[in-house]
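Heads up: the sequence shown is residues 1007 to 1356, going by my numbering.
Just so it is clear, CB atoms sit at the ideal spot from N, CA and C, and this is done for glycine as well.
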Amino acid sequence: MKILIIQQKMIGDVLTSSILFESLRHKFPEAQLDYLINTHTYPVVENNPFIDNFIFITPEIEKSELKFFAFLKTLRKAEYDAVIDVYGKISSALICLFVKSKIKSAYYKKHTAFIYSHTTKRLKHPENNSSLAFENRFKLLEPLQINFNTITPKIYLTATEIKDAKLYLIKHNIDLTKPLYMISVLGSSENKTYPKNYMAQLLDTIVEQKPDSRILFNYIPKQREDAKAIFDACNQITQQHILFDIFGKSLREFLAITKHCTALIGNEGGANNMAKALGIKTFTIFSPYLNKKNWFGDVESDNQHVAIHISDFIPYSENDIALAKKNIEAYYLKFKPEYIKPKLISFLNK
């Protein structure tokens, strides 16, 4: 049996969809399980023991209609028994249209439903106390008689990667017997980024509560100026605890460094999901315009993981979510650090 899962674009989505492979492997131990992803997302699924082959959509394929068509013809020759389209956009629908397969499963969309043998409507509310991101993905496996399973994503680092990261941190005088926090200081966009002055106040709280801690910032070079603005907004004592220039030069290096951290704290995004997949505690701040249930399930609400949304503190409706998307700054300003600090302090002291 040959099964293809399609999940293009975002790193966090590629990591999340990898949970399906573990269930498929248990159900079909001899099957060939292939994963179609964008090349830049590979680091989060590298060494995954449940995936047999990776099929990469490169930037060159995306930019050229001719190369994309050649790519489609190659996939058509593979003759899969089942194709699971998690991505659900025009490009993946075209892939499914070309691929030979008896089972083609995707989320229901009126304009593409004819392409698939099975479509499912997304749940609006969790049925298993998990995140909607997990539960909806498992619904795509129902044509293969696989139901929801409490599997979570995992990232597989090598012993060498973990050792090298440890040596790197020690080289920079970081005592790994003391608290080390990775901070997602910036979201993937402005509308997913907690205000800089507010974030600085939370960092001050971390140092007040854990005076022997060290702090690392998660950012990429083009975000340096924005990250530095948060550093500058912290008080002088906090600044002395921040190792601003210590960060991974690649995604795998970032993952290996995070593996040695006490917790990851900050804006919701791919880094939080990666930390969870590494077995690291997380404290996540959701943007006011996001639905927390999409990415955080009740089953996660334990000592390991905490997620905060403005709706946890003030009356909030579906209408507010829509308004927040149009005027995110106004809603973020309502999301004051005073709301978050008690939960953060509790998290730090568990």
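CA-CA distance, residue i and residue j?
i: residue 1333; j: residue 1164; result: 44 Å
i: residue 1228; j: residue 1085; result: 42 Å
i: residue 1341; j: residue 1207; result: 13 Å
i: residue 1355; j: residue 1102; result: 49 Å
i: residue 1070; j: residue 1045; result: 16 Å
i: residue 1236; j: residue 1073; result: 43 Å
i: residue 1110; j: residue 1336; result: 43 Å
i: residue 1398; j: residue 1122; result: With the chain represented from 1007 up to 1356, any question about residue 1398 goes unanswered, as that position is not in the structure.
i: residue 1295; j: residue 1201; result: 14 Å
i: residue 1258; j: residue 1321; result: 40 Å
i: residue 959; j: residue 1191; result: Past the boundaries of the shown model lies residue 959; the chain is included only from 1007 to 1356, so the question cannot be answered.
i: residue 1048; j: residue 1037; result: 21 Å
i: residue 1325; j: residue 1118; result: 29 Å
i: residue 1034; j: residue 1215; result: 49 Å
i: residue 1311; j: residue 1170; result: 27 Å
i: residue 1080; j: residue 1019; result: 25 Å
i: residue 1116; j: residue 1244; result: 53 Å
i: residue 1349; j: residue 1318; result: 11 Å
i: residue 1254; j: residue 1120; result: 45 Å
i: residue 1064; j: residue 1231; result: 30 Å
i: residue 1173; j: residue 1222; result: 16 Å
i: residue 1132; j: residue 1140; result: 9 Å
Can the beta-carbon of residue i be found closer than 8 Å to that of residue j?
i: residue 1029; j: residue 1142; result: no
i: residue 1105; j: residue 1175; result: no
i: residue 1260; j: residue 1224; result: yes
i: residue 1371; j: residue 1288; result: Given a span of 1007 to 1356 for the chain in the structure shown, any question on residue 1371 remains unanswerable.
i: residue 1281; j: residue 1167; result: no
i: residue 1088; j: residue 1150; result: yes
i: residue 1362; j: residue 1187; result: In the structure as shown, the chain starts at 1007 and stops at 1356, and residue 1362 therefore has no counterpart that could be examined.
i: residue 1178; j: residue 1226; result: no
i: residue 1210; j: residue 1241; result: yes
i: residue 1097; j: residue 1014; result: yes
i: residue 1323; j: residue 1159; result: no
i: residue 1135; j: residue 1144; result: no
i: residue 1248; j: residue 1270; result: no
i: residue 1300; j: residue 1193; result: no
i: residue 1067; j: residue 1077; result: yes
i: residue 1316; j: residue 1297; result: no
Ends of the beta strand (DSSP E) at residue i?
i: residue 1224; result: From DSSP, residue 1224 is part of no beta strand (DSSP E); its letter is neither H nor E.
i: residue 1059; result: 1059 to 1063
Could you give the residue range of the alpha helix (DSSP H) that holds residue i?
i: residue 1177; result: 1165 to 1177
i: residue 1135; result: Premise fails: residue 1135 is in no alpha helix (DSSP H) and is neither H nor E.
i: residue 1205; result: 1202 to 1215
i: residue 1020; result: 1017 to 1023
i: residue 1233; result: 1230 to 1239
i: residue 1098; result: 1096 to 1104
i: residue 1264; result: 1257 to 1264
i: residue 1339; result: 1334 to 1340
Taking the alpha carbon of residue i as the point to measure from, which residue in the options has its own alpha carbon closest?
i: residue 1091; options: 1271, 1313, 1040; result: 1040
i: residue 1051; options: 1109, 1279, 1126, 1330; result: 1279
i: residue 1189; options: 1196, 1152, 1267, 1167; result: 1267
i: residue 1138; options: 1061, 1246, 1184, 1305; result: 1305
i: residue 1032; options: 1269, 1128, 1055; result: 1055
i: residue 1265; options: 1301, 1094, 1185, 1351; result: 1185
i: residue 1012; options: 1311, 1034, 1043, 1199; result: 1043
i: residue 1302; options: 1319, 1276, 1325, 1323; result: 1276
i: residue 1129; options: 1172, 1065, 1114, 1180; result: 1114
i: residue 1026; options: 1272, 1157, 1320; result: 1157
i: residue 1161; options: 1319, 1131, 1057; result: 1057
i: residue 1126; options: 1135, 1117, 1148; result: 1148
i: residue 1339; options: 1351, 1244, 1293; result: 1293
i: residue 1183; options: 1220, 1075, 1193; result: 1220
i: residue 1196; options: 1180, 1246, 1233; result: 1233
i: residue 1283; options: 1180, 1017, 1007; result: 1017
i: residue 1083; options: 1064, 1093, 1008; result: 1008
i: residue 1180; options: 1246, 1064, 1330, 1063; result: 1246
Going by DSSP, which residues form a beta bridge with residue i?
i: residue 1008; result: 1038
i: residue 1287; result: 1269
i: residue 1353; result: Paired residue(s): none; residue 1353 is not in a bridge.
i: residue 1088; result: 1009, 1109
i: residue 1188; result: 1222, 1270
i: residue 1312; result: 1289
i: residue 1124; result: 1111
i: residue 1320; result: Partner(s): none; residue 1320 has no beta bridge.
i: residue 1155; result: None; residue 1155 has no bridge partner.
i: residue 1249; result: 1222
i: residue 1043; result: 1062
Hey, does residue i have any beta-carbon neighbour from chain C nearer than 8 Å?
i: residue 1031; result: Of the protein chains in this structure there is only one, and it is not chain C.
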